[in-house]
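Asker: Residue numbering for the sequence shown is 1 to 621, as defined by UniProt numbering.
Could you have a look at this structure, given as structure tokens, before my questions?
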Amino acid sequence: MSLDADVTRPLLFEIAWEVANKVGGIYTVIKSKAPVTCNEYDDRYCLIGPLSYKTAPLEVEETKPSSAAMRSAIDSLQSAGIKTLFGRWLIEGSPYVLLLDVGSASSRMGEWKADLWNIAAVPSPSDDQETNQAIMFGYLVTWFLGEKRPVVIAHFHEWQAGVALILIRKRYLNLATVFTTHATLLGRYLCAGDVDFYNNLKFFDVDAEAGKRGIYHRYCIERAAAHCADVFTTVSHITAYEAEWLLKRKPDGVLPNGLNVIKFSAIHEFQNRHAIAKEKIHEFVRGHFYGHYNFNLDNTLYFFTAGRYEFRNKGVDMFIESLARLNARLKELESDITVVAFIIMPAATHSFTVDALKGQAVMKQLRETVNEIQNSVGHRIFESAAKGEIPDSKILMDEEEIVMLKRRIYALRLKLFNFASDRVKVIFHPEFLSSNNPLLAIDYEDFVRGCHLGVFPSYYEPWGYTPAECTVMGVPSITTNLSGFGCFMSEMISVPSDYGIYIVDRRLKSVEESVNQLADHMVEFCKKTRRQRINQRNRTERLSDVLDWKRMGQEYIKARWVAIRRKYPALVAKHDEECGENSDDDGKSDFQYHQKVPRPPSMPGSPRLRDRILWIITLTC
Numbered sequence: 001m002s003l004d005a006d007v008t009r010p011l012l013f014e015i016a017w018e019v020a021n022k023v024g025g026i027y028t029v030i031k032s033k034a035p036v037t038c039n040e041y042d043d044r045y046c047l048i049g050p051l052s053y054k055t056a057p058l059e060v061e062e063t064k065p066s067s068a069a070m071r072s073a074i075d076s077l078q079s080a081g082i083k084t085l086f087g088r089w090l091i092e093g094s095p096y097v098l099l100l101d102v103g104s105a106s107s108r109m110g111e112w113k114a115d116l117w118n119i120a121a122v123p124s125p126s127d128d129q130e131t132n133q134a135i136m137f138g139y140l141v142t143w144f145l146g147e148k149r150p151v152v153i154a155h156f157h158e159w160q161a162g163v164a165l166i167l168i169r170k171r172y173l174n175l176a177t178v179f180t181t182h183a184t185l186l187g188r189y190l191c192a193g194d195v196d197f198y199n200n201l202k203f204f205d206v207d208a209e210a211g212k213r214g215i216y217h218r219y220c221i222e223r224a225a226a227h228c229a230d231v232f233t234t235v236s237h238i239t240a241y242e243a244e245w246l247l248k249r250k251p252d253g254v255l256p257n258g259l260n261v262i263k264f265s266a267i268h269e270f271q272n273r274h275a276i277a278k279e280k281i282h283e284f285v286r287g288h289f290y291g292h293y294n295f296n297l298d299n300t301l302y303f304f305t306a307g308r309y310e311f312r313n314k315g316v317d318m319f320i321e322s323l324a325r326l327n328a329r330l331k332e333l334e335s336d337i338t339v340v341a342f343i344i345m346p347a348a349t350h351s352f353t354v355d356a357l358k359g360q361a362v363m364k365q366l367r368e369t370v371n372e373i374q375n376s377v378g379h380r381i382f383e384s385a386a387k388g389e390i391p392d393s394k395i396l397m398d399e400e401e402i403v404m405l406k407r408r409i410y411a412l413r414l415k416l417f418n419f420a421s422d423r424v425k426v427i428f429h430p431e432f433l434s435s436n437n438p439l440l441a442i443d444y445e446d447f448v449r450g451c452h453l454g455v456f457p458s459y460y461e462p463w464g465y466t467p468a469e470c471t472v473m474g475v476p477s478i479t480t481n482l483s484g485f486g487c488f489m490s491e492m493i494s495v496p497s498d499y500g501i502y503i504v505d506r507r508l509k510s511v512e513e514s515v516n517q518l519a520d521h522m523v524e525f526c527k528k529t530r531r532q533r534i535n536q537r538n539r540t541e542r543l544s545d546v547l548d549w550k551r552m553g554q555e556y557i558k559a560r561w562v563a564i565r566r567k568y569p570a571l572v573a574k575h576d577e578e579c580g581e582n583s584d585d586d587g588k589s590d591f592q593y594h595q596k597v598p599r600p601p602s603m604p605g606s607p608r609l610r611d612r613i614l615w616i617i618t619l620t621c
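This is the structure:
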């Protein structure tokens with residue numbers, strides 16, 4: 001490459017399976033980060049993803065590339081029969097996107113899979129459609145990026161985009177590369193089972209564990225991508241620790257997920273919006289418990305947890321257990337506070353009938369569940385017998401029915417029956433919230449604003465957008481030191497609980513101790529006066545800037561610059577010489593050095609407690 005190339009104005013390509021293609025959380029990361037990246041790179045920034053004919057017409061406005069190099073690279077693909085869509089992504093910032101139709105390359109799949117095996121010994125079973133698509137996507141991306149250009153940074157997200165990193169390294173393409181894993185494949189699978197994941201992380205036979213779970217080929221792609229990238233990053237320190245042992249490379253840095261805070265900001269209105277949203281929840285609660293018993297809504301607190309239905313990974317088991325202990329503690333204290341705890345998680349709706357949502361007793365639910373399963377089992381026995389087969393006892397109950405029965409038994413053991421004497425009432429809502437829902441007609445964002453506390457005691461959570469969203473909306477939350485968000489906040493803030501971020505220790509404490517700690521945090525919150533809660537919400541909302549992409553995006557800038565230093569050392573040395581800068585950091589960077597947010601000067605927020613502290617100071621003086 002010519003030494004005249006400008007390392008300060010590189011082209012940036014960001015590659016992910018979820019570009020203009022909503023599948024999971026990475027879509028949110030890329031979409032919310034786009035405005036900040038566009039401000040930095042302008043038209044030198046382009047995202048690359050797969051072409052989905054279902055979503056692309058709604059997400060992308062087709063345009064022609066203004067760059068001759070871009071037109072040439074796209075023409076090269078199209079002349080070989082590869083279908084593409086180039087245009088502006090219809091989101092804030094309007095970044096360029098290039099979507100590649102992997103299906104149009106299906107005739108080359110056999111050739112490419114054989115090549116991948118020959119150059120990297122990555123297997124690829126024929127029946128794994130997702131891996132087949134990832135391989136074709138990787139070859140198409142490499143084809144496009146292989147065209148000669150000046151300084152280029154290519155940033156890849158997750159294993160689905162990882163094949164291109166292997167090819168770039170093997171073909172010696174002159175690109176500076178960054179790979180970010182948002183969660184390791186094997187980590188998710190291991191945590192889904194009942195294993196002591198973090199304490200045994202150093203001892204797993206990763207190849208054997210991946211093989212047992214049928215994901216060895218995917219694991220090979222992910223691990224190879226981590227090793228082939230110039231810079232390897234994760235979204236949190238807890239995931240960095242996990243990746244070091246499972247992928248066998250220590251990450252170079254951490255790129256925490258941010259939020260587009262402007263979307264959530266309500267300036268001085270967030271307390272009023274809390275009151276308005278809370279009234280909507282009041283209406284639902286009145287209807288839900290009407291005819292059973294009434295309680296004072298002025299003394300009612302709304303707690304909630306939300307997310308994918310992963311009972312253990314999301315800490316739902318711990319949340320329910322701690323609610324039972326909170327119930328007992330509030331009774332002991334003779335508290336007049338009632339806690340209504342919402343569990344918002346999509347699940348099969350026949351598992352919870354409308355009667356269940358209207359507050360029917362747990363024993364009735366258990367009886368109905370057993371009757372449903374009994375009918376299903378009887379039908380399966382009949383079907384097998386009619387075929388002349390002896391029914392297999394192992395498949396008489398399917399996985400969904402076992403989970404449903406366990407849930408009823410669990411509720412029975414914890415005695416969370418929503419009796420009139422209970423200080424804690426539990427409501428399970430098995431659908432995502434929407435203003436069109438006939439039972440709880442409220443959007444998720446408004447629901448969060450109306451609640452008093454979010455509870456997310458996750459066991460496996462590489463980042464955790466739900467508590468982060470609570471924070472920018474001024475809603476206190478409970479998280480854990482096994483979530484990326486919890487780790488980040490404990491590093492950023494001297495005393496997180498002062499700002500409404502309570503962190504449960506699930507790393508070093510036993511399950512029993514963690515449950516008690518979670519219950520203690522909830523009891524402590526219930527003891528707060530209304531004025532104390534308002535003060536705490538104000539402090540929580542002040543943390544919004546900490547989570548803004550304008551701040552978090554700085555870590556991406558560092559990662560890209562480290563990649564450039566490692567890939568183009570001669571160009572960087574020339575640049576540093578001309579600018580009089582020192583370039584002897586050999587590409588290593590302290591990605592995250594933050595000065596901690598101190599305790600708030602208004603601590604404690606309650607005038608009553610403040611007077612008491614002043615009184616104590618007077619006595620000690």
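All C-beta atoms in this analysis are idealised placements derived from N, C-alpha and C, irrespective of residue type, glycine included.
These numbers were taken from a predicted model, which means no experiment stands behind them.
Along the chain, which unbroken stretches of the alpha helix (DSSP H) at least 4 residues long are found entirely within the stretch 158–214?
Answerer: The stretch 158–214 contains, as complete alpha helix (DSSP H) runs of 4+ residues, the segments 163–170, 185–192 and 206–212 (chain order).
Asker: Inspect the beta-carbon positions of Leu482 and Arg449 and report whether they are closer than 8 Å.
Answerer: Taking the sequence shown and counting its residues from 1, the one referred to as residue 482 is at position 482. Taking the sequence shown and counting its residues from 1, the one referred to as residue 449 is at position 449. Cβ atoms of Leu482 and Arg449: not closer than 8 Å.
Asker: Rounded to whole angstroms, how far is the Cβ of Pro462 from the Cβ of Ala183, which I believe are closer than 8 Å?
Answerer: In the sequence shown, counting from the first residue as 1, residue 462 sits at position 462. In the sequence shown, counting from the first residue as 1, residue 183 sits at position 183. Confirmed, Cβ separation roughly 4 Å.
Asker: Out of Ala573, Asp446 and Val475, which has the shortest C-alpha to C-alpha gap to Val455?
Answerer: Mapped onto the sequence shown, residue 455 falls at position 455. Of Ala573, Asp446 and Val475, the residue nearest in Cα terms is Val475.
Asker: Which residues in the same chain have their Cβ closer than 8 Å to the Cβ of Leu326, if we skip the five residues on either side of it in sequence?
Answerer: Start at 1 with the first residue of the sequence shown, and residue 326 comes out as number 326. Cβ neighbours of Leu326 beyond the five flanking positions: Val339, Arg423, Val424, Ala519, Met522, Val523 and Cys526.
Asker: Should Phe203 be labelled buried (16 or more other beta-carbon atoms within 10 Å of its own) or exposed?
Answerer: For the purposes of this step, residue 203 is taken as residue 203 along the sequence shown, with counting starting at 1. By the neighbour-count rule (16 or more Cβ atoms within 10 Å), Phe203 is not buried but exposed.
Asker: Should Arg9 go down as buried or exposed, given a rule of 16 or more other Cβ atoms within 10 Å for buried?
Answerer: For the purposes of this step, residue 9 is identified with residue 9 of the sequence shown, where counting begins at 1. Counting Cβ neighbours within 10 Å, Arg9 comes out exposed, since fewer than 16 surround it.
Asker: Could I get the ranges of all uninterrupted alpha helix (DSSP H) runs contained in the stretch 215–285, with 4 residues as the minimum, in chain order?
Answerer: 216–228, 237–246 and 261–264
Asker: For a quick check, are the C-beta atoms of Ala240 and Val254 less than 8 Å apart?
Answerer: The count along the sequence shown starts at 1 and reaches residue 240 at position 240. The count along the sequence shown starts at 1 and reaches residue 254 at position 254. Between Ala240 and Val254, the CB-CB gap stays under 8 Å.
Asker: Helix, strand or coil: which one does DSSP assign to Ala441?
Answerer: The residue given as residue 441 occupies position 441 in the sequence shown. Strand at Ala441.
Asker: Taking its Cβ as the centre, do 16 or more other Cβ atoms sit within 10 Å of Trp117, making it buried, or is it exposed?
Answerer: Position 117 of the sequence shown, counted from the start, is the residue given in the question as residue 117. Trp117 should be labelled exposed.
Asker: Grab me the residues of Leu90's own chain with a C-beta within less than 7 Å of its C-beta, minus the 5 sequence neighbours each way, in chain order.
Answerer: In the sequence shown, residue 90 corresponds to position 90, counting from 1. Closer than 7 Å at the Cβ level, and outside the excluded window around Leu90, lie Glu59, Val60 and Glu61.
Asker: Let me know the secondary structure DSSP gives Gly93 once reduced to three states.
Answerer: By one-based count along the sequence shown, residue 93 stands at place 93. Coil at Gly93, not helix or strand.
Asker: Do you know offhand how far Val151's Cα is from Ala573's?
Answerer: Counted from its first residue, the sequence shown places residue 151 at position 151. Counted from its first residue, the sequence shown places residue 573 at position 573. Using only the alpha carbons, I get a separation of about 14 Å.
Asker: Candidates Tyr502, Val472 and Met473: which alpha carbon is nearest Gly486's?
Answerer: The sequence position of residue 486 within the sequence shown is 486, counting from 1. Selected option, being the one with the closest Cα: Tyr502.
Asker: How is the alpha helix (DSSP H) around Ser544 delimited, first residue to last?
Answerer: Working through the sequence shown from its first residue, we reach residue 544 at position 544. Residues Ser544 to Leu547.
Asker: May I ask you to verify whether the stretch 7–23 touches the stretch 40–53, counting CB pairs closer than 8 Å and requiring at least 3?
Answerer: yes
Asker: Here's the rule: buried if 16 or more other CB atoms are within 10 angstroms of the residue's CB, otherwise exposed. What is Gln536?
Answerer: Here residue 536 refers to the residue found at position 536 of the sequence shown. Gln536 should be labelled buried.
Asker: Taking Ala226 and Thr181 to be in contact with their CB atoms under 8 Å, please state how far apart those CB atoms are, rounded to whole angstroms.
Answerer: In the sequence shown, the residue the question calls residue 226 occupies position 226. In the sequence shown, the residue the question calls residue 181 occupies position 181. Correct: roughly 7 Å between the Cβ atoms.
Asker: Mind checking which residues open and close the alpha helix (DSSP H) that includes Lys113?
Answerer: For this step, residue 113 is matched to residue 113 along the sequence shown. Segment Met109 to Ala120, the alpha helix (DSSP H) holding Lys113.
Asker: Buried or exposed, going by whether 16 or more other CB atoms sit within 10 Å of the CB of Ile557?
Answerer: As a working note, residue 557 is residue 557 in the sequence shown. It is exposed - the Cβ of Ile557 has fewer than 16 other Cβ atoms within 10 Å.
Asker: Under the DSSP definition of a beta bridge, which residues are partnered with Ala519?
Answerer: Position 519 of the sequence shown, counted from the start, is the residue given in the question as residue 519. Bridge partners of Ala519: none, in fact.
Asker: Quickly, what does DSSP pair Ile344 with across the bridge? List them, please.
Answerer: As a working mapping, residue 344 is identified with position 344 in the sequence shown. Answer is Ala306 and His429.
Asker: Assign Asn257 to one of two classes, buried (16 or more other C-beta atoms within 10 Å of its C-beta) or exposed (fewer than that).
Answerer: To locate residue 257, count along the sequence shown from 1; it is residue 257. Asn257 comes out buried.
Asker: Taking all protein chains shown into account, decide if Leu12 is buried (16 or more other Cβ within 10 angstroms of its Cβ) or exposed.
Answerer: Counting from one through the sequence shown, the residue named residue 12 turns up at place 12. When all chains shown are included, Leu12 counts as buried.
Asker: Please state if the CB of Leu547 and the CB of Leu259 are separated by a distance shorter than 8 Å.
Answerer: To locate residue 259, count along the sequence shown from 1; it is residue 259. To locate residue 547, count along the sequence shown from 1; it is residue 547. Yes.
Asker: What do you reckon, are the CB atoms on Thr233 and Ala559 nearer than 8 Å?
Answerer: Here residue 233 corresponds to residue number 233 of the sequence shown, with the count starting at 1. Here residue 559 corresponds to residue number 559 of the sequence shown, with the count starting at 1. For Thr233 and Ala559, yes; Cβs fall inside 8 Å.
Asker: Hey, out of Leu165, Tyr216, Met492 and Asp75, whose CA is closest to Cys228's CA?
Answerer: Position 228 of the sequence shown holds residue 228. Measuring from the Cα of Cys228, the nearest candidate turns out to be Leu165.
Asker: Just curious, the alpha helix (DSSP H) that Asn144 is in, first and last residue?
Answerer: Position 144 of the sequence shown, counted from the start, is the residue given in the question as residue 144. Sequence inspection shows Phe at residue 144; the Asn mentioned does not correspond to that position. Run containing Phe144: Gln129 to Leu145, per the alpha helix (DSSP H) assignment.
Asker: Output the distance between the C-alpha atoms of Ala529 and Phe304, rounded to the nearest integer angstrom.
Answerer: In the sequence shown, the residue the question calls residue 529 occupies position 529. In the sequence shown, the residue the question calls residue 304 occupies position 304. In the sequence as displayed, the identity of residue 529 is Thr instead of Ala. Roughly 20 Å between the two C-alpha positions.
Asker: Just to confirm my understanding: we take Cys191, look at its own chain, exclude 5 residues before and 5 after, and list those with CB closer than 8 Å. What are they?
Answerer: Within the sequence shown, numbered from 1, the residue matching residue 191 stands at position 191. Excluding positions up to five away in sequence, the list reads Phe197, Arg312, Asn313, Tyr459 and Tyr460.
Asker: By Cβ distance, which residues of its chain are closer than 7 Å to Leu440, with the 5 residues on each side in sequence left out?
Answerer: Here residue 440 refers to the residue found at position 440 when the sequence shown is read from its first residue. The residues are Phe284, His429 and Leu433.
Asker: Assess contact between the stretch 69–84 and the stretch 110–125, defined as three or more Cβ pairs (one per stretch) separated by less than 8 Å. Is contact present?
Answerer: The stretch 110–125 and the stretch 69–84 do not touch, with fewer than three beta-carbon pairs separated by less than 8 Å.
Asker: Identify, in the order they occur along the chain, each residue of the same chain with its Cβ nearer than 6 Å to the Cβ of Thr37, setting aside the five sequence neighbours on each side.
Answerer: Working through the sequence shown from its first residue, we reach residue 37 at position 37. Same-chain partners within the cutoff: Tyr45.
Asker: So Ile344 packs on Leu301, CB below 8 Å; how close in whole Å?
Answerer: The sequence position of residue 344 within the sequence shown is 344, counting from 1. The sequence position of residue 301 within the sequence shown is 301, counting from 1. 16 Å between Cβ atoms; not a contact.
Asker: Rounded to the nearest angstrom, what separates Asp6 and Asn21 at their Cα positions?
Answerer: Here the question's residue 6 lines up with position 6 in the sequence shown. Here the question's residue 21 lines up with position 21 in the sequence shown. Using only the alpha carbons, I get a separation of about 33 Å.
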